[in-house]
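In this note's numbering, the protein residues as written are 244 to 302.
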């Protein structure tokens, strides 16, 4: 009985850790996306300044 409770607690902690890690990864990927002020398209920000091919705007 104690073994079952222990395994359930360990499984719950592992699941919460996986959820937390996935949330952190989602937040970092969202911070790499910028919205063009002119047309509203989402542009992935790389090592250089964001550039919209549609509007020819660097911001």
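Ideal Cβ placement from N, Cα and C applies to all residues, glycine included.
| Asked | Found |
| --- | --- |
| Test item: CB-CB of residue 288 and residue 277 under 7 Å | yes |
| Residues sharing a beta bridge with residue 286, DSSP | 277 |
| C-beta contact flag for residue 298 and residue 286 at 7 Å | no |
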